[in-house]
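Asker: Got a structure for you, questions after.
Number of protein chains: 2
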Amino acid sequence: MRGEETRQTIVQKADEIFYRQGFEATSFADIADAVGISRGNFYHHFRTKDAILDAVIDMRREHTRSMLVEWEDSTTDPAERVNCFVRILITNQARIMLHGCPVGTLCTELAKLQHPALHRAKHIFALFGDWLERQFRALGHDEPEARDRALRVLAFSQGVATLAAAFRDETYVRREVDRMCDLIRQQAPL
Amino acid sequence: MRGEETRQTIVQKADEIFYRQGFEATSFADIADAVGISRGNFYHHFRTKDAILDAVIDMRREHTRSMLVEWEDSTTDPAERVNCFVRILITNQARIMLHGCPVGTLCTELAKLQHPALHRAKHIFALFGDWLERQFRALGHDEPEARDRALRVLAFSQGVATLAAAFRDETYVRREVDRMCDLIRQQAPL
DNA sequence: GTCTATAGATTGATAGAC
DNA sequence: GTCTATCAATCTATAGAC
Numbered sequence: 093m094r095g096e097e098t099r100q101t102i103v104q105k106a107d108e109i110f111y112r113q114g115f116e117a118t119s120f121a122d123i124a125d126a127v128g129i130s131r132g133n134f135y136h137h138f139r140t141k142d143a144i145l146d147a148v149i150d151m152r153r154e155h156t157r158s159m160l161v162e163w164e165d166s167t168t169d170p171a172e173r174v175n176c177f178v179r180i181l182i183t184n185q186a187r188i189m190l191h192g193c194p195v196g197t198l199c200t201e202l203a204k205l206q207h208p209a210l211h212r213a214k215h216i217f218a219l220f221g222d223w224l225e226r227q228f229r230a231l232g233h234d235e236p237e238a239r240d241r242a243l244r245v246l247a248f249s250q251g252v253a254t255l256a257a258a259f260r261d262e263t264y265v266r267r268e269v270d271r272m273c274d275l276i277r278q279q280a281p282l
Numbered sequence: 093m094r095g096e097e098t099r100q101t102i103v104q105k106a107d108e109i110f111y112r113q114g115f116e117a118t119s120f121a122d123i124a125d126a127v128g129i130s131r132g133n134f135y136h137h138f139r140t141k142d143a144i145l146d147a148v149i150d151m152r153r154e155h156t157r158s159m160l161v162e163w164e165d166s167t168t169d170p171a172e173r174v175n176c177f178v179r180i181l182i183t184n185q186a187r188i189m190l191h192g193c194p195v196g197t198l199c200t201e202l203a204k205l206q207h208p209a210l211h212r213a214k215h216i217f218a219l220f221g222d223w224l225e226r227q228f229r230a231l232g233h234d235e236p237e238a239r240d241r242a243l244r245v246l247a248f249s250q251g252v253a254t255l256a257a258a259f260r261d262e263t264y265v266r267r268e269v270d271r272m273c274d275l276i277r278q279q280a281p282l
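Top to bottom, those sequences are chains A and B. For the first sequence, this note's numbering assigns the number 93 to the initial residue and increments by one for each residue that follows. For the second sequence, this note's numbering assigns the number 93 to the initial residue and increments by one for each residue that follows.
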């Protein structure tokens, strides 16, 4: 396997395992085993655990950016775009019920660890927040109101994801998502 | 120090450290140091890390139960009781901005670790949920609606706590809490 | 009930052969 | 670029003196 290829495989596997079992609970050995390389080779690509985390966060940011562009391209209706965001709770429901929201749970863990990468991780939240705010602006909401609505949709997704991971009730998630999509379509108060 | 006294000190310190840095990131040495005893003595009281976790969860459940009774005794107005719950986001704001919600973050971490204690931890959520549901029933809401409102208030608290820990914006928390309290007082849709 | 000493496994990380 | 061998530190956990 070429060097760059191995590096990217490491980042992808680390991304997956960090999400599934958490950053702190994941060891170099876990990632090396998943990639199928020795620990020694592993350190050739990443010198510290924090370096892998940085690479994983970069990858997630890129993934988020391209997902937002996709949603923007999929429809010209801003309300429908917001609903694309809300519906990832359904799209990724199985994984969210097992491991929570990838962004929220990482930020929470890094906050507890007082890890410096928290600032980079929460930027993913900011990407979603700013994008949602732009959609609500396009729907005619003014400056403070558009921001409030954006943060409320974000908080909704985090709250539902947390309860989904705790209770593992499939119908609960679907019910709340459907209702939120209706509220957004009708431009009702959130 | 007598035996029972030491045991209780261990549980209290473990509770605090688990909240601050997470369960997985906390070692026996961390707790023993905080209590001021040797690791050897520590094992006399708790044989495994899981045993401490069980004791911590029991303590939190008891604490939750007595807090709910206090709120119930503090006023006869069910709407005001619900607002007592919502306002813990303000009461514990400083700590929530640093470490998130104690219940939500523990459940999320245990879910990721596939830890059997998740079932016991999520029971704390259930205590809050059932109590909130009873308050909404007392406010005249029927069976499915009262449950929905209870879960929505729970999800609200989890969503705001998660964003608070990520963004650490003090005014955001206060604004959302004030608004939610108003909605509950006015019996508006949540 | 508390301590010291210590076991055995695993951690993050390095050195050097190929 | 990949491996094996190895490091010191830390982990959970135990044994036994006091």
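Virtual Cβ for every residue (Gly too), placed ideally from N, Cα, C.
If I follow the unbroken alpha helix (DSSP H) through cysteine 199 of chain B, where does it start and stop?
Answerer: Segment 194 to 204, the alpha helix (DSSP H) holding cysteine 199 of chain B.
Asker: For valine 252 of chain B, which residues in chain A fall below 8 Å Cβ to Cβ?
Answerer: Going along chain A in sequence order, the residues near valine 252 of chain B (Cβ under 8 Å) are Ala247 and Gly251.
Asker: Starting from asparagine 133 of chain B, follow the alpha helix (DSSP H) in both directions and report where the run begins and ends.
Answerer: That run of the alpha helix (DSSP H) goes 131 to 137.
Asker: Isoleucine 182 of chain A: which of A:Ala147, A:Ala256 and A:Leu282 sits nearest, CA to CA?
Answerer: Considering only alpha carbons, the answer is A:Ala256.
Asker: Report back the beta-carbon spacing between phenylalanine 110 of chain B and threonine 118 of chain B to the nearest angstrom; my notes put them in contact at under 8 Å.
Answerer: Right, the Cβ-Cβ distance comes to about 6 Å (below 8 Å), so this counts as a contact.
Asker: At least one CB of chain B closer than 8 Å to the CB of lysine 141 of chain A: is that the case?
Answerer: Chain B, which has no Cβ nearer than 8 Å to the Cβ of lysine 141 of chain A, makes this no.
Asker: Would you mind working out which of B:Arg173, B:Phe138 and B:Glu268 sits nearest valine 161 of chain B, comparing C-alpha positions?
Answerer: When only C-alpha atoms are compared, the closest one is B:Arg173.
Asker: Would you call the segment 218 to 230 of chain A and the segment 225 to 237 of chain B touching, i.e. three or more CB-CB distances under 8 Å?
Answerer: No: the two stretches stay apart, fewer than three of their Cβ pairs being nearer than 8 Å.
Asker: Who are the neighbours of lysine 105 of chain B on chain A, taking C-beta pairs under 9 Å?
Answerer: Under the 9 Å cutoff, chain A gives no residues; its nearest Cβ is about 16 Å from lysine 105 of chain B.
Asker: Hey, quick one: how far does the alpha helix (DSSP H) through leucine 224 of chain A stretch, first residue to last?
Answerer: Segment 210 to 230, the alpha helix (DSSP H) holding leucine 224 of chain A.
Asker: Quick one: using the 10 Å Cβ neighbour count with 16 as the cut-off for buried, is leucine 201 of chain B buried or exposed?
Answerer: Rather than leucine, the amino acid found at residue 201 of chain B in this sequence is glutamate. By the neighbour-count rule (16 or more Cβ atoms within 10 Å), glutamate 201 of chain B is buried.
Asker: When you compare only the Cα positions, how much space is there between glycine 132 of chain B and aspartate 142 of chain B?
Answerer: Looking at the two C-alpha atoms, the distance is approximately 17 Å.
Asker: Starting from the beta carbon of cysteine 199 of chain B, find every residue of chain A whose beta carbon is closer than 8 Å, and list them in chain order.
Answerer: Result: Thr254, Ala257 and Ala258.
Asker: Examine chain B for any beta-carbon lying closer than 8 Å to the beta-carbon of glutamate 262 of chain A, and answer yes or no.
Answerer: So, not an interface residue.
Asker: What are the residues of the segment 221 to 242 of chain A that lie near chain B, defined by any Cβ-Cβ distance shorter than 7 Å?
Answerer: Going along the segment 221 to 242 of chain A in chain order, one finds no residue with a Cβ nearer than 7 Å to chain B.
Asker: Could you tell me the distance, in whole angstroms, from the CA atom of alanine 86 of chain B to the CA atom of alanine 242 of chain A?
Answerer: Residue 86 of chain B cannot be examined here, being either before or after the span of chain B that is shown, 93 to 282.
Asker: Using a C-beta to C-beta distance shorter than 8 Å, which residues of chain A count as neighbours of arginine 112 of chain B?
Answerer: Under the 8 Å cutoff, chain A gives Lys204.
Asker: With DSSP as the reference, label glutamine 113 of chain B as helix, strand or coil.
Answerer: Helix.
Asker: With 8 Å set as the bound, which would you pick, yes or no: does the beta-carbon of glutamate 116 of chain A sit closer than that to a beta-carbon of chain B?
Answerer: By this cut-off, glutamate 116 of chain A is an interface position.
Asker: Closest to glutamine 250 of chain A by C-alpha separation, out of A:His137, A:Pro170 and A:Val269, would be which residue?
Answerer: If we check each option's Cα against that of glutamine 250 of chain A, A:Val269 comes out closest.
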